[in-house]
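Each residue of the sequence shown is one higher than the one before, counting from 2 in the numbering used here.
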Amino acid sequence: MAYLRYFLIFTLSIVTLVASTNWFIDPYGFFWSPQISNINAKKTQAVNRSRLVKPYRLDKTLPEILLIGNSRIEMGIPAESELFTSDNVYNAGIPGLRPELQWQMALNQIQTNPNLKKIFLSLDYTDFLIQDSTFGSGTKARTDTIETDYIKIAQSVFSFDTLISSIKTILTQNSDVNYITAKGTNVPDTYISVMRTEGKSALFKQKLGELKNTFSREHVHASHDTFSHPYHQILDQVIDNASAKNIGITFFINPLHITYIEEIEENHKVNDFCRWKNQLATYIESAGNTLWDFSLISPYALEPVNLSKNNEAMQWFWEPAHYKSSLSEILLPLMANGTTSNSIESCEIVEQKLKHYRSKESI
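Set out below in structure tokens:
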């Protein structure tokens, strides 16, 4: 009996120690327990847990301003920006999250968050791509949801895997790696490390290769009737519910670097890209909202990569798909004014601008 008692005391002590350590270090950013610089302030292990962490944090923070989208808004528009009209802002951007799940998060907040006043909802062409040969079966398989999983969160406190993440959190406090802030922003410090060691050529090569693989697949295009699909009815509910509660929604297409748009053109997707944007604008504006198109070939999109200074960061972009927070300081005031939106460029104008850009590059 004495042996069993000692064993139980020892086991309970270990479990308590593990749980206390995991709660205090809080590697995934669930609890935001007291933060100590160089110990647990940077949640470096939270980056790959966004789908579990962010719905939970939304329920806890109940923000007045909500940012919705994928990794582009997660990295590009910091919730900490002083340009927002409230301090209570949360960036719910999640890498790779499908549009219908992004919209489901927004709908959940509209229905349950009494503080919510404004939503910034970002949109991306690649998120809407389908492949004809697999669309039927692929659609049927999409049954997952994005919601708070309290059981997994509780289990993580007592988990030895979480303890390993706690140790990694401590060890990476002074490293150039991505981390998630208390307001959900993904601070992309990994880019700084790559810039220093391999240069931006590596970042551009990797991303452009990914885009080529995406756009060159056979029968890949945006849905010809983007908003007739049942999943997109969620967006109808988002707009209707937000309107009923007097919650403003600002829709915008994320900025793209010119090299990204070139990849679209080289894979014969310009017509599809333009059609998608026009469908989007028609749908959103018919619902009484505004669509801001920041994927235009603008002076920011035309920023030179300048590989002769390979280890020097660009001003507006990390790589073709991800813009820097510096660009958000330009975009946010435009959207805040809300008086006019920029028009969708026709395919002809896109082609003309690309031709002009290439003629200048060849000089």
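Just so you know, even glycine gets a beta-carbon here, dropped at the ideal spot from N, CA and C.
Given the structure is predicted, the values throughout are model-derived calculations rather than measurements.
Residue j beta carbon less than 8 Å from that of residue i
| i | j | result |
| --- | --- | --- |
| Glu264 | Phe216 | yes |
| Ser21 | Gly70 | no |
| Thr170 | Asn41 | yes |
| Gln105 | Ile235 | yes |
| Tyr180 | Thr45 | yes |
| Ala223 | Leu130 | yes |
| Ala302 | Leu292 | no |
| Val306 | Lys206 | no |
| Asn109 | Pro64 | no |
| Asn23 | Ser167 | yes |
| Ile1 | Lys354 | Only positions 2 to 364 of the chain appear in the structure, and residue 1 is not among them; the question remains open. |
| Asn242 | Gln112 | yes |
| Lys278 | Ile254 | yes |
| Gln316 | Glu330 | no |
| Val221 | Gln156 | no |
| Lys55 | Ala107 | no |
| Val271 | Glu352 | yes |
Assumed close pair residue i, residue j - CB separation to whole angstroms, cut-off 8 Å
| i | j | result |
| --- | --- | --- |
| Tyr261 | Ala322 | 6 Å |
| Leu53 | Asp177 | Wrong, their Cβ atoms sit about 25 Å apart, outside the cutoff. |
| Ser34 | Asp27 | 5 Å |
Classification of residue i by the beta-carbon crowding that lies within 10 angstroms, buried from 16 upward
| i | result |
| --- | --- |
| Ser296 | buried |
| Arg197 | exposed |
| Gly289 | exposed |
| Phe252 | buried |
| Met2 | exposed |
| Gly30 | buried |
| Thr140 | Summary for Thr140: the model assigns pLDDT 42, below 50, so the residue's position carries little reliability, and this model does not support an answer. |
| Asp273 | buried |
| Ser72 | buried |
| His258 | buried |
| Phe121 | buried |
| Ala142 | Any answer about Ala142 is weak, because its pLDDT of 44 lies below 50 and its placement is not dependable; what the coordinates show is given next. Exposed, by the Cβ-count rule. |
| Leu68 | buried |
| Gly406 | In the structure as shown, the chain starts at 2 and stops at 364, and residue 406 therefore has no counterpart that could be examined. |
| Asn49 | exposed |
| Asn114 | buried |
| Asn338 | exposed |
| Phe136 | Confidence in Phe136 is poor, its pLDDT being 47 and thus under 50, which makes the residue's placement unreliable; the coordinate value appears in the next sentence. Exposed: under 16 other Cβ atoms inside 10 Å. |
| Glu349 | exposed |
Residue(s) in a DSSP beta bridge with residue i
| i | result |
| --- | --- |
| Asn92 | Leu68 |
| Lys44 | Ile181 |
| Phe253 | Ser123, Trp293 |
| Phe161 | Per DSSP, none; premise fails for Phe161. |
| Ala223 | Leu130 |
| Val188 | Tyr180 |
Note to self: I want to know whether the stretch 71 to 85 touches the stretch 187 to 207 - three or more CB-CB distances under 8 Å.
What the structure shows: A contact between stretches requires three or more CB pairs, one per stretch, nearer than 8 Å, and the stretch 71 to 85 meets this requirement with the stretch 187 to 207.
Next item on the list: Determine, using beta-carbon pairs with one atom in the stretch 82 to 99 and one in the stretch 201 to 218, whether at least three such pairs fall under 8 Å.
Entry: As far as the Cβ criterion goes, the stretch 82 to 99 does not touch the stretch 201 to 218, which means the pair count is below three.
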